[in-house]
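K.L.:
Here you go, one structure.
Residue numbers (this note's numbering), protein chains in the order written: chain A, 90 to 252; chain B, 487 to 957.
Quick look at the structure:
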């Protein structure tokens, strides 16, 4: 999976800036996506491209349980969010609906990757390659459980291991 | 080894458990509101599924509703559609709905306990992060997203990785319990452990500082567990819990025998081990005021705004976060909290809009007028709270002081209905989140207790309510 980085170099990106409350009434996901990140970065919609990744700090997605947050990012074209850590409801929502991959990174990737860098993510090797800077970093592997739900394509397609 | 309260509730609700798989957990109560449910119901329809247990599912409308005259139509078309959609879905799937005209309408986390729907030892979910509120009754209460809402509607179960257990001990006694409230305790906790401090855990709040609290105060504590990143917050039930739930409209008929079984079981064993621990001593804590854009950015009312260097302790992202927060909040380091002038006051939300909150706030206001440059409103947590407050004459106290007295709903806590801040307006708010734009684009939120909000309304700036006579 390859894409370019949109970097928000701060912690605690909350769901109210990812999709402000006033837009939770919108049921059309394409329209919802036009307001993604509006609370923090009004230019997001004009700059995001299909296949881009977001890079950010700790506790990404904290706050509300609104699934609109990963949906708005996903329908903007974002395929993965790379962050030092995630708030758990956002993480779960992202995985449940197979909206995007929440990828936990280490400090070296956070420091090394800049805005617009082209990145390749290889989940099978738990590896992130920075094509622009010719660097590689380790991603934190998905837990076995999360890996199974992602591999199934979301919660509704997931079936537990059979005996 | 003994078990924690969380482990006991968890184990009694396992439907399927296999190593290296999530557990399938049975859900006793599912609370539904208009914002996070439409796509879930749509999913059921598309797959020809029914609601498995409509009798365990309860709905109300709170996020979107108008808090002004309800005989008038809702002007915002999208809000109106969302509300009508919930009505249609509840009718179609046979779910009990407390609609806009119901005397039981209110914020979902206020009505659950006051109707006796929230019960100790049960599992409760709702498509709302502040579901953690119900943990005050010793229920395992989880906020979930819309996919999980659909899963629970269809199956009355949800897949969950077992969270870790986190003990937060609150020790000591507050010297002035009318001035230093549950809100100040929970903000102090988040200030100390951080907004990610509880990530992946279920917090059990224990100690004298917790058992001393009333049920409504305990709800304020558990409500904000999510602001520390926790999955849920729990408090072991005791006589106060059992008394609170007795004789409510939906209290089970066999309540006394349930109480007998809860008494022995619903507590953490003395030899149980928690995976994480934190202790807060509250003898000397001050009223809290948030100064930044997350609930961890909080200080004592007697403090001044910290510099980003002071706040961040060398962490670059923390420093940058504090700089951005101060820029957004238009505040300078070194400014005394008591010198911050406010434009608006919001007393409301699932954190602090119960009867006791309104009683405490009214004591500050009685016989006074709000500052001429302040606009203030009270939005009771439910229509029942509103009615009880009116029976006590609290509405008159607020209205005489020039507060607006509104109908129940989430209102300005999250800015979905017309109750919002204008850009640049500064608000003393009893709600739970001070995120950028949360209460309206460009709005600036300071999280405080109801008494602190009430005092700020009178004086036009923050004041230390310990100096007021509140007894």
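For each residue, glycine too, the CB sits at the ideal point set by N, CA and C.
A quick note: this is a predicted structure, and the numbers were derived from the prediction, not measured.
Roughly how many angstroms lie between the CA atoms of residue 733 (chain B) and residue 844 (chain B), to the nearest whole one?
P.N.:
Distance between the alpha carbons of residue 733 (chain B) and residue 844 (chain B) is about 23 angstroms.
K.L.:
Does residue 642 (chain B) get closer than 9 angstroms to chain A when you measure Cβ to Cβ?
P.N.:
False, the Cβ-Cβ gap to chain A never drops below 9 angstroms.
K.L.:
Quick check on residue 162 (chain A): does DSSP put it in helix, strand or coil?
P.N.:
Residue 162 (chain A) falls in the helix class under three-state DSSP.
K.L.:
Under 8 angstroms by Cβ, that's how I've got residue 722 (chain B) and residue 688 (chain B) pegged, so tell me the actual separation to the nearest angstrom.
P.N.:
Actually they do not touch by this definition, with Cβ atoms about 13 angstroms apart.
K.L.:
Looking at the structure shown, is residue 575 (chain B) part of a helix, part of a strand, or coil, going by DSSP?
P.N.:
Helix at residue 575 (chain B).
K.L.:
The beta strand (DSSP E) spanning residue 217 (chain A) covers which residue range?
P.N.:
Where residue 217 (chain A) is concerned, the enclosing beta strand (DSSP E) stretches over 216–219.
K.L.:
Please list, in chain order, the residues of the segment 669–687 of chain B that have any C-beta partner in chain A closer than 7 angstroms.
P.N.:
Answer in chain order: 681, 682, 685, 686.
K.L.:
Taking the beta carbon of residue 895 (chain B) as the centre, do at least 16 other beta carbons fall within 10 Å, making it buried, or is it exposed?
P.N.:
Buried, by the Cβ-count rule.
K.L.:
Mind listing which residues of the segment 219–238 of chain A have their C-beta closer than 9 angstroms to chain B's C-betas, in chain order?
P.N.:
Those residues of the segment 219–238 of chain A that come within reach of chain B (Cβ to Cβ, closer than 9 angstroms) are 232, 233, 234, 235, 237, 238.
K.L.:
Mapping DSSP to helix, strand and coil, what is residue 936 (chain B)?
P.N.:
Residue state, collapsed to three classes: helix.
K.L.:
Just to confirm my understanding: we take residue 500 (chain B), look at its own chain, exclude 5 residues before and 5 after, and list those with CB closer than 6 angstroms. What are they?
P.N.:
Within the same chain, residue 500 (chain B) has close Cβ partners 509.
K.L.:
Which residues mark the beginning and the end of the beta strand (DSSP E) in which residue 862 (chain B) is found?
P.N.:
Its beta strand (DSSP E) spans residues 861–864.
K.L.:
Under DSSP, the beta strand (DSSP E) around residue 663 (chain B) begins and ends at which residues?
P.N.:
First-last for residue 663 (chain B): undefined, no H or E at that position.
K.L.:
If contact is defined by three or more beta carbon pairs under 8 angstroms, each pair taking one atom from either stretch, is the segment 188–196 of chain A in contact with the segment 656–668 of chain B?
P.N.:
Too few Cβ pairs lie closer than 8 angstroms, so no.
K.L.:
Ends of the beta strand (DSSP E) at residue 718 (chain B)?
P.N.:
Here the beta strand (DSSP E) through residue 718 (chain B) covers 718–720.
K.L.:
Applying a beta-carbon distance threshold of less than 7 angstroms, which residues of chain A neighbour residue 698 (chain B)?
P.N.:
Here the premise fails: no neighbours, minimum Cβ distance about 30 angstroms.
K.L.:
Taking Cβ-Cβ distances below 8 angstroms as the criterion, which residues of the segment 618–635 of chain B are in contact with chain A?
P.N.:
Residues 629, 630, 631, 632, 633, 634.
K.L.:
Thinking C-beta only, is residue 110 (chain A) closer than 9 angstroms to residue 830 (chain B)?
P.N.:
Contact flag unset, no.
K.L.:
Which runs of the alpha helix (DSSP H) fall wholly inside the segment 594–672 of chain B and span at least 4 residues, in chain order?
P.N.:
Entirely contained in the segment 594–672 of chain B, the alpha helix (DSSP H) runs reaching 4 residues are, in chain order, 594–600, 632–641.
K.L.:
Please report whether the beta-carbon of residue 838 (chain B) lies at a distance below 9 angstroms from any beta-carbon of chain A.
P.N.:
Taking Cβ atoms only, chain A never reaches closer than 9 angstroms to residue 838 (chain B), which makes this a no.
K.L.:
Could you check if residue 101 (chain A) is buried or exposed, using at least 16 other CB atoms within 10 Å of its CB as the buried criterion?
P.N.:
With 16 or more other Cβ atoms within 10 Å, it is buried.
K.L.:
Any beta-carbon of chain A closer than 9 angstroms to the one on residue 567 (chain B)?
P.N.:
It does: the Cβ of residue 567 (chain B) has a partner Cβ on chain A nearer than 9 angstroms.
K.L.:
When DSSP labels each residue in this structure, what does residue 130 (chain A) get in the three-state scheme?
P.N.:
In this structure, residue 130 (chain A) counts as coil in the three-state DSSP scheme.
K.L.:
Can you pull the DSSP bridge partners for residue 584 (chain B)?
P.N.:
According to DSSP, residue 584 (chain B) bridges with B:546.
K.L.:
Across which residues does DSSP place residue 511 (chain B) in a beta bridge pair?
P.N.:
Bridge partners of residue 511 (chain B): B:500, B:644.
K.L.:
Tell whether a beta-carbon distance below 9 angstroms holds between residue 946 (chain B) and residue 928 (chain B).
P.N.:
Taking 9 angstroms as the Cβ cut-off, residue 946 (chain B) and residue 928 (chain B) do not qualify as a contacting pair.
K.L.:
List, in order along the chain, the chain B residues whose C-beta lies closer than 9 angstroms to that of residue 100 (chain A)?
P.N.:
Correct list: 681, 682, 780, 801, 803, 804, 806, 807.
K.L.:
Spatial neighbours of residue 597 (chain B) within its chain, please: CB distance less than 7 angstroms, with the 5 preceding and 5 following residues excluded, ordered by chain position.
P.N.:
Once the five neighbours on either side are set aside, the close Cβ partners of residue 597 (chain B) are 546, 584, 590, 868.
K.L.:
Go ahead and label residue 739 (chain B) buried or exposed: buried means 16 or more other beta carbons lie within 10 angstroms of its beta carbon, across all protein chains shown.
P.N.:
It counts as exposed.
K.L.:
Whose Cβ in chain A lies nearer than 7 angstroms to the Cβ of residue 834 (chain B)?
P.N.:
Within chain A, no residue comes near residue 834 (chain B); the closest Cβ sits about 14 angstroms away, beyond 7 angstroms.
K.L.:
Would you mind stating whether residue 244 (chain A) and residue 633 (chain B) have Cβ atoms separated by less than 9 angstroms?
P.N.:
Yes. Within cutoff.
K.L.:
Of all the options B:861, B:900, B:579, B:694, which has the alpha carbon lying nearest to the alpha carbon of residue 890 (chain B)?
P.N.:
The candidate whose alpha carbon is nearest that of residue 890 (chain B) is B:861.
K.L.:
What runs of the alpha helix (DSSP H), each 4 residues or longer, lie entirely inside the segment 857–901 of chain B?
P.N.:
Fully enclosed alpha helix (DSSP H) runs of 4 or longer: 869–877, 880–886.
K.L.:
Examine the Cβ distances between the segment 166–177 of chain A and the segment 147–158 of chain A and report whether three or more of them are shorter than 8 angstroms.
P.N.:
Because the criterion of three Cβ pairs below 8 angstroms is met, the segment 166–177 of chain A and the segment 147–158 of chain A touch.
K.L.:
From the beta carbon of residue 176 (chain A), is the nearest beta carbon of chain B less than 9 angstroms away?
P.N.:
Closer than 9 angstroms to some Cβ of chain B, the Cβ of residue 176 (chain A) qualifies, so yes.
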